[in-house]
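Below: one structure, written as structure tokens.
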Amino acid sequence: MLTGRAPLRSGLAGATALLSVLGAILVSLSAALAARADSAGLQATIRRTEGGIPHILAHNFAGLGYGFGYAFAQDDICPMADDYVTVDAQRSRYFGPSATFEQRGNGVVSSNESSDLFWQQIIDGGVVEHLLTIPPPLGLRPEFHELVRGYVAGWNRYLAGVGGSAGVPDPSCRGAAWVHPITEIEADRRFYQLILLASAGVFVDGIATAQPPGDGTAGSSGAAKPASIAAALARATQLAAGSNAVAIGRDGSRDHTHGVLLGNPHFPWLGTERFYEAQLTIPGVIDVSGAMLYGVPLVLIGRTSTMAWSHTVSTARRFTLYQLALVPGTPTSYLVDGVPTPMTRRTVTIQERQPDGSQKPLTRTLFSTRYGPVVGSVESVPLPWTPTTAFALRDGNADNVRVFNHFLETDMATSARQVLDILDRYQGIPWVNTIVADSAGDALYADIGSIPNVPDSMAHQCNTAVGDATFQLARVATLDGSRTSCDWLTDADAVEPGLFGPSHMPHLFRADYVTNSNDSYWLSNPHQPLEGYAAVIGDERAERSLRTRVGLIMTQARVDGSDGLGAAGFTRQDMQNQVLSDRVLSGELTRDALVQLCRSLPGGMAATTSGPPVPVGGACDALAGWDLHDNLGSSGALLFHRFWLHATSRTTESTPAGVPDSPGVVFSNPFNPNDPVNTPNTLDPASPDVQTALGDAVKDFRDAAVPFDATVGSRQGVVRGGQFIPIHGGTGDPDGEFNAIYQPFIQGKGYGQVDDGSSFIQVVTWNGSACPDAVTILSYSLSTNPLSPYSSDQTRLFGQKQWLRDRFCEADILASPVLNAATITEPSPAAVAAATALPNTVGPAGRDVVVAVAASLVLGATATRRRRRRSGS
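Taking this note's numbering, the leading residue of the sequence shown gets 1, the next gets one more, and so forth.
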């Protein structure tokens, strides 16, 4: 079901025509009045439509950033202000040094003290400031600098307008001392934080705590344990975020002309790795709509008039470790080709809040090498710094700001082939794949970005003993740091030394389809496997996740029509149905055999991993009655998911760091690389993992008083405004649910609230008109302020599998029945003092309709026009 279309009534055609004319007038004013607006400073018009989505209209990039910064601060100032505390190295000052926090985009939990030390050495070293001085193309384009200037001014304008932190509407940070005006360098550090998310960002504690042994004696960590380090790196490189993306080409679409794009990132529902949604328009220059991670004034996943794209987290490793050979008796010097090389020292000081509220300085010296910082641990597993060896991190993203040139140009691109050109030119994507469809019917998959040039031959020649283990299990090389022959290689077509060039990174154009669900590039399309690339980019001829498999199964069946759902080929509605189908492939493959096993248990008793057997009671019937989906009314689904978690891993959520995970033996028919979409399969009822997993799941539910036949909608959801909103979907990995939704299970208590999974979803195609034919939904809604009308509206729609119709073109925006528009400028100091926050709410949809059409490029001019809907007309 779609929402957001005004009811048909007499006179609508005339009204729409009038609005179209008004929109055309606004666009035509842009060029003529740009000079006047330039002399007046920053200016933008913010127009909100259904879901609160802001459509930002400006005459230049500074104005565009200004409008975006203002609108974003209206909706989400609290979590973003908290993150600015992080990149300012101030968490210990405000929240105390021992408290911890999670960077939800990569799942890394760090102490405030470690985080502050990590960021203080970046600040003191002027790292970001240096990157900002690099000229393009490796450095940032001037348009991006202008966007940031405007973004900061817009944020600060909003904060001043509400009277500072004391006037912030969101009670979660109202009056907090850490909510304050920001500077451009703070915004830039946030961008750098995102760039490092899959590389240095997973080593925050390890970098902050790495210290040499004293007096030539071994440090307390002892010798390196290769298996534990490898297991920790395997976990660290599995980002908490994931995604699905499908691009349908002309041969796979119903009309055999246009492409279809599904973007379905699975990202945190909390923190600053949430998505914000907006449209950014400078008439004649840029017109793009979609989503961005918090604090980024560019669309990162979205659509232009003739092209749409999405991203999925890539399997490519963006860093390597180097194992150093230390100079005997001098553990802060290391040997390179036999030559002693002293480490670089940087002494940093942070302020830490004490229990009595006072501040106390902490000073520590951190160390770095020709490769990068010394690291002392990963995922709490020691990388020991002994008298003879230490470990350093080389980060392929350490100097990468060109990624924002990539997104700036992608936001103005018109075709899939143009996006490939941008990928090749900048090679700046830091940790994701790119999937694109366009109106001409091209479909593109690519994993082209900033990837260390470590071919397999080099890894085998240069890996240390630790590296042999880390490369085999995690595809992370740990190279010999004592030889320059083990430095990263450089391709002739690489934009930066030490990286692979596009000729050695995978991409694929298809006319039928390409997909990715966070496995490697290998099966982007099973009809044309991609092979022969370095292991640091991804694996080949290896088992795919069940989520990848169910996506490929559904996509191929719709392309060829074998699913029985109508004529062959995708329509927009077909793709909407697919992404929210809530099929569970693990259940389809094993449920019947599991029920048979359950009903055959002697005395109805199931063994458990620890403790006595438990009676299965009604568990067998609950599983038998399950419809193999994760719809709100699906009963038995939750019990199966709990079984599958236990069955697929001999470890649990509480497994100590450093202990390798051991996958359970579930299937009797093993993986076949010649039939990768359909294997492995068939439940192995004789497997001890399967037998005890059923008992463990039954025990979990009994201990938490969760009925075996509890429906998805009765236990899975979020609370907004004191009301429980049920959410469909289920565990994407390892269960094979395409619509991935994650919620914690608390032993003895039951389910917590959804905190991760499907986030911003877009389905885009074209029908020959000037506007893309698209629908979107932002699962957790636009605003984190619980008092905002935009904090739960889209969540309720998502829970009912409803969508918002895209309002991309000017006439569609102006026709919104809930349109609310206002123009903001950067006025004189006297006017700033008198400014108040602009409203971002509207009346009930069935009553007064605001159509505030702002002549946004005339200084101070805002024309507001109201029309009242006539009931029964």
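Even glycine gets a Cβ: it sits at the ideal position worked out from N, Cα and C. Just so we're clear, the structure is a prediction, and the values are computed from it rather than from any experiment.
Exposed unless 16 or more other CB atoms sit within 10 angstroms - verdict on residue i
{"i": "Lys699", "result": "buried"}
{"i": "Ser758", "result": "buried"}
{"i": "His527", "result": "exposed"}
{"i": "Thr484", "result": "exposed"}
{"i": "Asp395", "result": "buried"}
{"i": "Glu113", "result": "buried"}
{"i": "Glu531", "result": "exposed"}
{"i": "Ala686", "result": "exposed"}
{"i": "Ser310", "result": "buried"}
{"i": "Leu880", "result": "Any property of residue 880 remains undetermined from this structure, which presents the chain solely from 1 to 873."}
{"i": "His460", "result": "exposed"}
{"i": "Asn840", "result": "Per-residue confidence for Asn840 stands at a pLDDT of 47, beneath the threshold of 50, marking its modelled position as unreliable; no derived number is given."}
{"i": "Gly566", "result": "exposed"}
{"i": "Ala198", "result": "buried"}
{"i": "Ala316", "result": "buried"}
{"i": "Gly695", "result": "buried"}
{"i": "Thr183", "result": "exposed"}
{"i": "Ser769", "result": "exposed"}
{"i": "Glu129", "result": "exposed"}
{"i": "Arg190", "result": "buried"}
{"i": "Leu787", "result": "exposed"}
{"i": "Gly561", "result": "exposed"}
{"i": "Ala247", "result": "buried"}
{"i": "Ala223", "result": "exposed"}
{"i": "Arg547", "result": "buried"}
{"i": "Ser600", "result": "exposed"}
{"i": "Asn785", "result": "buried"}
{"i": "Ser654", "result": "Residue placement at Ser654 cannot be trusted, given a pLDDT of 37 that sits under 50; what the coordinates show is reported in the next sentence. Under this definition Ser654 is an exposed residue."}
For residue i, the first and last residue of its enclosing beta strand (DSSP E)
{"i": "Gln43", "result": "Gln43 to Arg48"}
{"i": "Leu362", "result": "Gln359 to Ser368"}
{"i": "Ser289", "result": "Ile286 to Leu293"}
{"i": "Asp395", "result": "Thr389 to Asp395"}
{"i": "Arg104", "result": "Per DSSP, Arg104 belongs to no beta strand (DSSP E) and is neither H nor E."}
{"i": "Gln723", "result": "Gln723 to Pro726"}
{"i": "Gly757", "result": "Asp756 to Ser758"}
{"i": "Arg572", "result": "That residue, Arg572, is in no beta strand (DSSP E); its alpha helix (DSSP H) goes Arg572 to Val579."}
{"i": "Pro612", "result": "No beta strand (DSSP E) contains Pro612, which DSSP labels as neither H nor E."}
{"i": "Gly263", "result": "Val260 to Pro268"}
{"i": "Arg346", "result": "Thr344 to Arg353"}
Residue span of the alpha helix (DSSP H) that contains residue i, given as start and end
{"i": "Gln121", "result": "Asn112 to Asp124"}
{"i": "Met80", "result": "Phe61 to Val87"}
{"i": "Glu810", "result": "Glu810 to Leu814"}
Member of the options whose CA lies at the smallest distance from the CA of residue i
{"i": "Ile286", "options": "Tyr276, Thr272, Gly302 and Asp399", "result": "Gly302"}
{"i": "Trp803", "options": "Gly768, Val764, Leu819 and Ala821", "result": "Val764"}
{"i": "Arg370", "options": "His59, Thr320, Thr341 and Gln418", "result": "Thr341"}
{"i": "Ile451", "options": "Arg318, Leu508 and Ala477", "result": "Arg318"}
{"i": "Pro268", "options": "Arg254, Asp756, Gly768 and Asp76", "result": "Asp756"}
{"i": "Ile777", "options": "Asp124, Trp155, His266 and Ile195", "result": "His266"}
{"i": "Ser228", "options": "Asp468, Gly717, Phe95 and Ala606", "result": "Asp468"}
{"i": "Phe808", "options": "Thr281, Ala187, Val246 and Thr386", "result": "Thr281"}
{"i": "Gln120", "options": "Ala208, Asn516 and Asn156", "result": "Ala208"}
{"i": "Ala325", "options": "Asp480, Pro615 and Glu379", "result": "Asp480"}
{"i": "Asp491", "options": "Arg549, His507, Thr272 and Val454", "result": "Val454"}
{"i": "Val495", "options": "Trp155, Gln427 and Asp442", "result": "Gln427"}
{"i": "Thr320", "options": "Cys771, Met292 and Ile537", "result": "Ile537"}
{"i": "Ala477", "options": "Asp487, Leu489 and Asn463", "result": "Asn463"}
{"i": "Gly752", "options": "Ile741, Phe760 and Thr648", "result": "Ile741"}
{"i": "Ser165", "options": "Asn156, His180 and Thr784", "result": "His180"}
{"i": "Ser482", "options": "His406, Pro361, Tyr334 and Leu233", "result": "Tyr334"}
{"i": "Ser517", "options": "Gly376, Gln74, Arg549 and Gly357", "result": "Arg549"}
{"i": "Thr306", "options": "Asn767, Asp793, Val818 and Gly799", "result": "Asn767"}
For residue i: DSSP bridge partner residues
{"i": "Trp309", "result": "Gly302 and Val436"}
{"i": "Ala446", "result": "Thr434 and His507"}
{"i": "Asp480", "result": "Gln323"}
{"i": "Gly717", "result": "Pro726"}
{"i": "Tyr742", "result": "Asp756"}
CB contact below 8 Å: residue i versus chain D
{"i": "Asp733", "result": "Checking the listed chains, one finds no chain D in this structure; it contains a single protein chain."}
Entirely enclosed beta strand (DSSP E) segments - the stretch 164-250, minimum 3 residues
242-248, all fully within the stretch 164-250.
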